[in-house]
Each structure stands twice: as structure tokens, then as C-alpha cells.
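To start, the structure under review is shown below, and the notes come after it.
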Amino acid sequence: MSLDRIMNEAISPWMKGDGPDSDIVLSSRIRLARNFKKYQFSTMQNEEEAKQIHELFKKKFIKKPVEPFGEFELLKMNELNPLQRRVLVEKHLISPNLAGTEYGACLLSESEHISIMLNEEDHVRIQCLFSGLQLSEALQSANQIDNWIEEQVEYAFDESLGYITSCPTNVGTGLRASVMIHLPGLVLTKRINRIIQVIQKLGLVVRGIYGEGSEALGNIFQVSNQMTLGKSEEDIIADLKSVIQQIIHQEKTARELIVQNSSIELEDKVYRSYGILANSRLIQSAEAATCLSDVRLGIDLGYIQGISRNILTELMVLTQPGILQQYAGGPLGPEERDYRRATLIRERLRIEQN
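Using this note's numbering, you'd call the opening residue of the sequence shown number 318 and step up by one each time.
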């Protein structure tokens with residue numbers, strides 16, 4: 318694996334498979350927050366301490382394959398240009414927070430299933446991504462990496478509290494489980510706000526596609542647990558999975574309701590969006606996300622034949638500003654980005670139809 322491959326292949330290998338409930342659930346993510354006993358928190362550490370953590374991982378973990386993930390590549394944020402950092406964020410391999418750090422870094426597995434972020438809010442944040450609803454499988458992989466690291470270094474751990482983290486909400490298991498979910502039915506039936514309120518009352522958090530502070534572009538929402546103290550990893554996963562399954566049921570019910578009551582209007586909306594994607598010469602990222610959401614819904618409901626749902630997922634990634642500019646070989650102005658985005662979508666849909 319090389320930096321060039323990571324940058325030039327917009328679709329991570331893990332995105333190419335269909336997991337359970339992938340018509341509604343795009344991905345499952347597990348993140349474990351850990352800190353080392355002998356170092357200050359990342360928010361308080363100096364340059365020397367940050368570099369020591371880099372060297373620790375370079376010495377003990379680089380070029381040492383872990384089955385079934387293979388070898389890991391170390392990427393230091395201060396060795397990447399702003400565009401490269403943005404691509405990593407748009408591929409969901411690092412957080413926007415890590416991208417903005419001077420001494421942050423990440424280790425990426427060959428499949429990009431696993432990303433180990435260093436010197437973010439905590440010394441280590443282990444992230445594992447799976448397609449569809451596969452929280453338990455993602456947790457198993459994350460725990461394997463966690464054990465691999467703990468064999469070499471001592472974590473900050475308290476017998477009564479659990480893992481010590483920079484943010485109090487992560488103290489305990491240090492586990493944040495999240496699911497990326499596509500909910501056009503609930504948005505169109507105007508039920509989404511009520512559903513979000515119920516989710517929040519259950520102690521879960523609803524965010525946009527890039528986490529805290531981001532918008533729910535393309536009707537894609539991220540649902541995650543909030544507190545980790547006093548619960549086991551298994552309980553956190555079970556609770557979140559139960560809620561997600563209820564949301565899936567509500568989304569399917571909403572879709573059925575739209576088809577029963579507004580079939581022609583929905584079909585018109587789907588094909589108008591398809592027409593925009595297939596014919597536009599300029600399209601902004603927000604409009605592209607909305608149209609891609611409509612067409613994906615049309616594929617799921619059988620209105621549109623002969624186009625794979627995965628193509629829509631691919632285009633949602635490919636049309637992000639950073640990845641577009643990476644493909645172009647450098648920075649682009651807003652209008653040129655919109656032109657290239659429209660061209661890319663038209664060409665990809667044409668290839669798929671043929």
C-alpha cells in the first residue's frame with residue numbers, strides 16, 4: 318500500500334461489499350479511544366511527546382502484518398498537504414479534527430478497514446469500518462487491534478472507571494459505535510425530526526455525514542452512542558443495534574407509505590433527479606448529494622433498473638470537493654469543481670448503463 322494508492326483510489330476496498338441491510342445502512346463503525354499511561358493527554362502534550370508517540374508506533378507496529386489486515390502505513394499529518402488531508406476525511410479514514418493537527422498521524426491497513434489515529438483528542442483512536450449493519454463484526458476487529466497495541470504499550474486504565482480518556486463521555490469502555498444510515502423515506506414523510514427526538518431521548522446522538530457539526534447531506538445520518546461509562550461493550554452494541562433495527566423498520570414503512578399514496582410524485586422526483594445527474598454541466602456538491610439520494614431510493618424501490626446501488630455510493634464519495642481536486646491534480650475553483658463533478662457523474666452513469 319502507498320500514499321498514491323490511498324489518494325487515487327477514492328473507493329476504499331471495504332466500501333465495495335454489500336453488508337446486511339445495505340439498502341438503508343451504508344456502514345458500521347467502531348472507534349476505541351485509548352491513552353498511554355506515561356504520556357500527558359494529546360490536548361496537553363508538547364511537540365517532543367507527540368513525536369515520541371510517532372516513533373513508538375513506527376518502531377513497534379509498522380511493517381509488522383496483522384492477520385487478516387496485513388501491514389499498516391503510517392501517514393503523518395505534517396507531511397501531507399491540505400488536499401491530501403481532505404481526501405482522507407472524505408473517505409472517512411481520519412476525523413476532521415485529526416486533519417487539523419500539526420502532530421497527528423494515522424496508521425492505515427491495506428484494506429482501509431482499520432485506521433489508527435494518533436495524537437487526536439486521545440493518544441490512540443482505533444477505528445474499524447464495515448459495510449452495512451455489522452457492528453459486532455467491527456467490534457471484534459477493533460478489539461483485535463486493541464489487544465495487538467496493548468501487548469506493546471501500557472494504557473491509562475483505572476479499575477473502577479475503566480479506560481481514561483481526554484473527554485469524560487468516553488471514559489469507561491472508550492467505545493463509540495456509530496452507523497451511517499440513509500433515510501429519505503423519513504425525510505420525505507417529515508417524520509425525521511420526531512424520530513431524531515426519540516433517538517436522543519434514548520441517549521444516542523444523531524449527526525451529519527462527517528460527524529459533529531456536519532450536515533446530513535443526501536439524507537444520510539450518523540447515529541451513535543454517547544456515554545460509555547457503566548456499560549459493557551456488548552451492551553452498547555446491542556442497544557445501538559436494537560435502535561437501528563427500529564429505524565430501519567420505520568424507514569421501510571415510510572417508503573411503503575410514499576409508494577401507496579404518492580407513487581407518481583415519487584417516481585417523478587426520482588427521474589427528475591436522475592435527469593439532472595445524467596445531463597447537468599454544472600452541479601454543486603449539495604445538489605449532487607440530494608439527487609444521488611433520490612436515485613438511490615429509486616433503485617431500492619425498483620423504479621430504476623440496470624444501475625447498481627453501489628454506483629451511487631461510489632459517486633457520493635467521488636464527487637466530494639477534495640477527491641475531485643485530487644483527481645484533477647491540484648486545487649480547483651468552485652465553478653471548475655462543479656463542472657468536473659457533473660462530468661464525472663454523467664460519464665459514470667453512461668458507463669453503468671452500457
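Even glycine gets a Cβ: it sits at the ideal position worked out from N, Cα and C. Bear in mind that the values here come from a model prediction, so they are computed numbers and not experimental data.
Q) How big is the Cα-Cα spacing for P501 and I640? A) C-alpha separation (whole angstroms): 25 angstroms.
Q | V560 vs L618 beta-carbon contact at 8 angstroms | A | Cβ distance not < 8 angstroms, so V560 and L618 don't count as in contact.
Q) Using the rule of at least 16 other Cβ atoms within 10 Å of the residue's Cβ for burial, across every protein chain shown, is A645 buried or exposed? A) Exposed, since its Cβ has fewer than 16 Cβ neighbours within 10 Å.
Q) Mapping DSSP to helix, strand and coil, what is C608? A) Helix.
Q: Would you please state the rounded distance, in angstroms, between the beta carbons of I341 and I509? I believe it to be under 8 angstroms.
A: I341 to I509, Cβ: 13 angstroms. No contact.
Q: Grab me the residues of Q264's own chain with a C-beta within less than 7 angstroms of its C-beta, minus the 5 sequence neighbours each way, in chain order.
A: Here the chain has residues from 318 to 671 only, and residue 264 is not among them.
Q: Following the continuous alpha helix (DSSP H) through R524, name the residue where it begins and the one where it ends.
A: Note, R524: premise wrong, no alpha helix (DSSP H); beta strand (DSSP E) at 521-524.
Q.
Considering only their Cβ atoms, is the gap separating I370 from H430 smaller than 8 angstroms?
A. Contact flag unset, no.
(Q) If we require 4 or more residues per run, which alpha helix (DSSP H) segments fall completely within the region 386-461? (A) If only uninterrupted alpha helix (DSSP H) runs of at least 4 residues are considered, those enclosed by the region 386-461 are 399-407, 413-416.
Q: Give the range of the alpha helix (DSSP H) segment to which Q562 is assigned.
A: Note, Q562: alpha helix (DSSP H), 550-596.
Q.
Please state the DSSP three-state secondary structure of D475.
A. Three-state DSSP puts D475 in a strand.
Q: Please go through the same chain and pick out, in chain order, the residues whose beta-carbon is closer than 7 angstroms to the beta-carbon of I674, but skip the five residues on each side of it.
A: For residue 674 there is no data in the structure shown, the boundaries of the chain being 318 and 671.
Q: Pull up the DSSP beta-bridge partners for A298, would you.
A: Outside the modelled stretch of the chain, which goes from 318 to 671, sits residue 298, for which no answer is possible.
Q.
Tell me which residue opens and which closes the alpha helix (DSSP H) that V488 is part of.
A. First-last for V488: undefined, no H or E at that position.
Q: Could you tell me whether the Cβ atoms of F353 and A473 are closer together than 8 angstroms?
A: Yes, the Cβ-Cβ distance between F353 and A473 is below 8 angstroms.
**Q.** Alpha carbon of E384 to alpha carbon of M394, nearest angstrom
**A.** Spanning the two alpha carbons is a distance of roughly 26 angstroms.
Q.
For a quick check, are the C-beta atoms of Q444 and S432 less than 8 angstroms apart?
A. The Cβ atoms of Q444 and S432 lie closer than 8 angstroms to each other.
Q: Report, in whole angstroms, the separation of the C-beta atoms of N436 and A350, which I expect to be a contact under 8 angstroms.
A: Cβ-Cβ separation between N436 and A350: approximately 13 angstroms, too far for a contact (criterion under 8 angstroms).
Q: Measure the C-alpha to C-alpha separation of E365 and Q357 and round it to an integer number of angstroms.
A: Here the C-alpha atom of E365 lies approximately 11 angstroms from the C-alpha atom of Q357.
Q: List the whole-angstrom C-beta distance separating L594 from C608, where the pair is believed to meet the contact cut-off of C-beta under 8 angstroms.
A: Between C608 and L594 the Cβ distance is about 5 angstroms, and since that is below 8 angstroms, they are a contact.
Q) Does the distance from the C-beta atom of V522 to that of S549 stay below 8 angstroms? A) No, Cβ-Cβ distance for V522 and S549 is not below 8 angstroms.
Q. Within this structure, are the beta carbons of M434 and I462 separated by less than 8 angstroms?
A. Going by beta carbons, M434 and I462 fall outside the 8 angstroms limit.
Q. Do you know how far the Cα of L666 is from the Cα of H499?
A. Rounded to whole angstroms, H499 to L666 spans 21 angstroms at the Cα level.
Q: Would you mind reading off the limits of the alpha helix (DSSP H) that contains I370?
A: In this chain, the alpha helix (DSSP H) harbouring I370 covers 364-377.
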